[in-house]
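What follows is a short report on a single structure.
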Amino acid sequence: MKMKKIMSMALAGIMVLSMVGCGNKAESATDSAAADSNSGKLVIWTLSEDLENFAKHYMETNKDVQIETVIIPPADYTTKLSAALRGKAATPDIIVGEPQMLPDFEDAGYFENLSADPYNADEYSDKLVDYVWKAGQDAEGNVRAISYQATPGGIYYRRDLAQDVYGTDDPAVIGEKFKDYATIKQTAQEVRDKGYRIFSDTGSLRWFAITDPWVVDGKINISDEKKEYMDTAIDLYQNKLVAFAPEWSAAWFSSMAGPIPMNAEWQELDEVDANAEQTQVFAYALPSWGSLTIRDNAKDNAGNYGVCAGPTSYFGGGTFVGISAYSKNKAQAWDFVKYVTLTEETSKWWAETSKGDIVSMKSVLEEYKDKENEAYGNQKTYQFFYEEAQKIDYTTVTRYDDQLKVFYGAAIESVQKGEKTKEEAMKEFYDKAKSAYPELSE
Amino acid sequence: MTGKKKKDMNHMGYVFVAPFLIVFLIFSAYPVIRTLYLSFTQYKGYGAPTFIGFDNYKRVVTDPIFWTALGNTAKIWGINIVLQLGLAFLLTIVFSDIKYKMRGLSVYRALFYLPNLIAATSVAFLFKVLLDWQFGSLNQILIKAGIIKSGINWLGQPGTAQLVVAVIGAWMWFGNSFIMLMAGVQGISRDYFEAAAIDGAGRWRTFGSIIIPLLKPILLYVAITSLIGGLQLFDIPFLITDGAGAPSNALNTVVLYLYNSAFKYNNVGYAGAIAYLLFFIIGIVSAIEYKVMYGKKED
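Going down the list, the sequences are from chains A and B.
So the first sequence is numbered by our numbering: it starts at 83 and just counts up by one.
So the second sequence is numbered by our numbering: it starts at 2 and just counts up by one.
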């Protein structure tokens, strides 16, 4: 029996401990197809199809260069990249990251320092929108990655509904209706009185929660603004002033084209009770790429949207491109990065090819400033986004923002649903935040 | 000559165990030792680990989330083991009773074991669909039968979500326990039953005085393996929720917390400390379980 005891303990031990241990095996998992130092071949590991298009365009003029683009879903990207670069693999040559991924990648030393010789990227700093340039810098101010796009946010609203509620669809007037949380609450009620809902879901409010930093000197900063965000989200939820159709749900997409049932949540629309109360969504808060999502799903509402500023200028996402510190082909890689991010012709080509992506190059934004956007009632959307992009204050952004917003969102949700009191939810928020980031304090 | 031949044969033993040993050393022993080392360091998953002594262990014993997660795990396991062993025992009694003369044991055995063969991913998906609070079959049936008036949000409320995971676990594993118990009962010599019958023992007396004591080793095995598996609960809570233990952290189990600490928040060293603490907890609980079952004999 003693033996059995020992065996069961040993078995338990191995089963538990292999859990963590297995993570480390990735260290040795280098890419077997490690690059040769053939200067003609570049390998890109990216998050979306954008860079594949850039690569094709690049190869048209640089016929001796061969580029292989590997698209990796965002959820797997960090793991895959870390596995390769911890083993100092020579491929990929070009790596990317969204702003929230960059600090970890920089700390880990994955990105080549583009401020150093022979790149001297700082020479180009005036060419791009300021916040984009800052987002690509590491803690010491060295450039590590550069983006071809800017992703300033806005509030997209239905012009016909605005006419109905306020008798005008002027972006300046509607923007005033979203100028702060107190006004948003009032607007929500006014919109509700006409049978519409201000947002599809209270998640829309999260975009604005960056007027002051989430972390100050290692301390989690739940300022009055963050508290107001929570209160507003709870208020809108409990008074049923939103449509309860979360971002990316089927109901959310169809709300762009017309009425949807209330409380559809994540259901397919044919599953929703046919007698459910119908409503229309008044506005959507999304970064610039969202303007394309709305345009592509608006159907009969095409041209019936306007865009205005929210309580604060914000941004979301964006693909930042850099060179792997372990690439054996850095000169060629730098040529490609420069071509994608710092060349005016490419920037213009991309603005046209992508049919509306907001580029980061100031000269191009300047040039397109007066271009009217049919999908948005001929509003000058380039001008709007250019102005918003310039207003973004990157000093309030910290590496913790995205995850803290997720924890804060969970806290809000548990209060909204009545599962927890505000105090309990906040305690859990702090516990989670400190557990994920032991360096932070309350 | 003959001596030499013998020696060669002895060496062959090493060759035969080598494949297992090499795989074991690389994939089991090395990670276990490396985890122990990392648990004493601050390590983000990249760069060099910094040695910080017992800091991670100090942190984990005072970490409210860890204890919540352990509480959740224990609660889920507790409900699960009662259902699982209870059902397995009931079936064992039914199938081993001479009077009932149940036929087709092998067919039932296969049927009961079947849920265990389905991948956890499929099981999680299946239950997610069945239990959806708006259009899941279970709520529809309960509403149609007039038992409830409006749908219950099974997976959206802390209490019911834990219950659901426990029931899924019991459903997946009762067949396994049943096979073990059944094998144990069949291993008991018929002589005991006959002797008991001659002495005039009834069904309950036979069960309490013959089956239970003689099944102890099997029961202990089932209980300990279930405990080891139960405290390491990960797949179903991970798949059935958002991967972070929603609703309200009720499905955040120890191993889910460990996984998120290591791979989501890059606190690899801390996750190592959680793993070792869990190992000790399982060791201690297993020892207690053993004592409880065999304590009297050893005293």
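Cβ atoms here follow ideal geometry from the backbone N, Cα and C, with glycine treated the same way.
Quick caveat: nothing in here was measured; it's all calculated off a predicted structure.
Query	Result
Does the separation of the CB atoms of Leu196 of chain A and Ile177 of chain A fall below 8 Å?	no
How long is the line joining the alpha carbons of Thr143 of chain A and Tyr201 of chain A, rounded to whole angstroms?	22 Å
For the beta strand (DSSP E) containing Leu368 of chain A, list its first residue and its last residue.	Ala365 to Pro369
Could you check what DSSP says for Met183 of chain A in three-state terms: helix, strand or coil?	coil
Looking only at its chain, what residues have a beta carbon closer than 8 Å to the beta carbon of Pro341 of chain A, apart from the 5 residues adjacent to it on each side?	Gln360, Thr361 and Gln362
Looking only at its chain, what residues have a beta carbon closer than 6 Å to the beta carbon of Trp172 of chain B, apart from the 5 residues adjacent to it on each side?	Pro116
Around the Cβ of Leu118 of chain B, are there at least 16 other Cβ atoms within 10 angstroms (buried) or fewer (exposed)?	exposed
From which residue to which residue does the alpha helix (DSSP H) around Phe402 of chain A run?	Here Phe402 of chain A belongs to no alpha helix (DSSP H); instead the beta strand (DSSP E) covers Phe402 to Ile405.
Does the distance from the C-beta atom of Trp155 of chain B to that of Val166 of chain B stay below 8 Å?	no
Under 7 Å Cβ-Cβ, which residues of chain A neighbour Asp64 of chain B?	Ser517
At least one CB of chain D closer than 8 Å to the CB of Glu222 of chain A: is that the case?	No chain D appears in the structure shown, which is made up of the protein chains A and B.
Which of helix, strand or coil does DSSP assign to Leu257 of chain B?	helix
Can you give the Cα-Cα distance for Gln43 of chain B and Glu521 of chain A, rounded to whole angstroms?	11 Å
Verify the CB distance criterion: does Ser130 of chain A have a CB-CB separation below 8 Å to chain B?	no
Which residues bound the alpha helix (DSSP H) around Lys267 of chain A?	Tyr263 to Asp275
Hey, does Asp484 of chain A have any beta-carbon neighbour from chain B nearer than 8 Å?	no
Does the count of Cβ pairs from the segment 348-358 of chain A and the segment 406-425 of chain A closer than 8 Å reach three?	no
Three or more beta-carbon pairs under 8 Å between the segment 462-481 of chain A and the segment 263-274 of chain A, yes or no?	no
Give the secondary structure of Lys301 of chain A by DSSP, where H, G and I count as helix, E and B as strand, and everything else as coil.	strand
Quick test of your reading: Met183 of chain A and Thr160 of chain A, contact by CB under 8 Å. State the CB separation rounded to the nearest angstrom.	6 Å
Go ahead and pull the three-state DSSP assignment for Ile154 of chain A.	coil
Whose C-alpha, out of A:Tyr464, A:Asp313 and A:Leu447, is nearest the C-alpha of Glu454 of chain A?	A:Tyr464
Going straight from the alpha carbon of Gly79 of chain B to that of Lys504 of chain A, what length do you get?	30 Å
Which word fits Tyr490 of chain A, buried or exposed, when buried means at least 16 other C-beta atoms lie within 10 angstroms of its C-beta?	buried
For Glu353 of chain A, return the contacting residues in chain B, with the cut-off set at a CB-CB distance below 9 Å.	Gln135 and Phe136
Can you check which of these residues, A:Ala507, A:Tyr519 and A:Asp513, is closest to Lys309 of chain A by C-alpha distance?	A:Ala507
In this structure, how does DSSP classify Gly236 of chain A when only helix, strand and coil are distinguished?	strand
Assuming Gly39 of chain B and Gly284 of chain B are in contact, meaning their beta carbons sit under 8 Å apart, how far apart are those beta carbons, in whole angstroms?	One point to set straight first is that residue 39 of chain B is Leu, not Gly, in the sequence displayed. Going by Cβ atoms, the distance from Leu39 of chain B to Gly284 of chain B rounds to 20 Å, so no, they are not a contact pair.
Quick one: what does DSSP say Tyr201 of chain A is sitting in, helix, strand or coil?	coil
Roughly how many whole angstroms lie between the Cα atoms of Val255 of chain B and Ser331 of chain A?	31 Å
Are the CB atoms of Lys451 of chain A and Lys462 of chain A within a distance shorter than 8 Å?	yes
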